[in-house]
Amino acid sequence: MMTVVDMGILPQTTPEGYKIIVVRLADTDASKFSQVSYSKFAAIALEEWLKEDGLAEGHVIIYDFTGCHLGHIAKLGIFPTKNYLYYIQEALPIRMKGMHFANIPSFVDKILLLMKPFMKRELYDVLHLHSTNEALQKFVPPNCLPSEYGGTAGPFKPFRDEFYGKLLANREAILRGETEKQVVESERASRGNGWFSMFRR
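Take the sequence shown: its letters are residues 1 to 201, numbered as in the UniProt record's numbering.
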């Protein structure tokens, strides 16, 4: 999944002290994208980051839709979308202060149609759509943003490389931890209350 989706933590926080996460496609070939695989990967990556970095005043996630086309939308499903949004809203220990869709495509309404039934009002209220960098900068200052978004923080790649480098360095520990977690979650799932198993659909 690291060759399909790029994730990175930006070094500069917002004036409010919110930490910023950027998610974007690394490979725009829709045949290589799996929503379930992304959900699993994002869950593991973000949890590992939170273990190391700790909590913050709040978190902002920027989903960059550059390179996203209808082939990707065709691979989105109701249950994976529901489960991922449940995870974001209920299981992930972050304080969501902003969810920004950057460089939105013309068919963003199809994505929202799929998401909206599973979004709580609190999440919907912090969701913002941006077709230009200038629109995004009204919410996230340019000094926080990589150059790809008209910011002054430099290119995104070093932030991506640092984040993924830490994940790879901890790969064995992560795998052991996930194996143990899956054992526990499989037991919970048999009783109907395991969340990690939802991503196996």
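All C-beta atoms in this analysis are idealised placements derived from N, C-alpha and C, irrespective of residue type, glycine included. Because the structure is a prediction, the values reported are computed rather than measured.
Check, Outcome
"Can you check which of these residues, Phe65, Ala169, Ile78, is closest to Ser106 by C-alpha distance?", "Phe65"
"Give the single residue among Lys138, Phe159, Asp161 whose Cα lies nearest to the Cα of Gly150.", "Lys138"
"Going by beta carbon distance, what residues of the same chain come within less than 8 Å of Pro15, once the five residues before and after it are set aside?", "Pro141"
"Suppose you measure from the CA of His59 to the CA of Lys166; what does that come to, to the nearest Å?", "20 Å"
"What does DSSP give as the partner residues of Asp109 in its beta bridges?", "Asp109 pairs with nothing; no bridge assigned."
"Taking the Cβ atom as the reference point for each residue, do Phe118 and Leu85 lie within a distance shorter than 8 Å?", "yes"
"By a C-beta neighbour count over all protein chains shown, 10 Å radius and 16 as the cutoff for buried, is Ser39 buried or exposed?", "buried"
"To the nearest angstrom, report how far apart Leu70 and Glu52 are at their CA atoms.", "36 Å"
"I need the straight-line Cα distance from Ala91 to Pro158, nearest angstrom please.", "29 Å"
"Mind checking Lys120: buried by the 16 CB within 10 Å criterion, or exposed?", "exposed"
"What first and last residue would you give for the beta strand (DSSP E) that runs through Ile94?", "Looking at the DSSP string, Ile94 is not in any beta strand (DSSP E), and its letter there is neither H nor E."
"Since Tyr18 is in the beta strand (DSSP E), which residue starts that stretch and which ends it?", "18–25"
"With which residues is Ile104 paired in a DSSP beta bridge?", "Beta-bridge pairing links Ile104 to no other residue."
"On the criterion of 16 or more Cβ atoms from any shown chain inside 10 Å, does Lys19 qualify as buried, or is it exposed?", "buried"
"Tell me the DSSP bridge mates of Tyr63?", "Val23, Phe101"
"Go through the region 115–143 residue by residue and report every complete run of the beta strand (DSSP E) that reaches 3 residues or more, in order.", "127–130"
"Just checking Leu168 against the ligand ZN - is the residue's beta carbon closer than 7 Å to any of the ligand's heavy atoms?", "Although the ligand ZN was asked about, the structure shown includes no ligands whatsoever."
"Residues in the same chain with beta-carbon distance under 8 Å from Met115, minus the five sequence neighbours each way, listed in chain order, please.", "Thr81, Leu85"
"Using a Cβ-Cβ cut-off of 8 Å (strictly less than) and excluding sequence neighbours within five positions of Ser147, which residues of its own chain qualify?", "Ala153, Gly154, Pro155, Phe156"
"Given a cut-off of 8 Å, decide if Gly77 and Thr28 are closer than it, judged by their beta-carbon atoms.", "no"
"In the DSSP assignment, the alpha helix (DSSP H) including Val36 goes from what residue to what residue?", "35–53"
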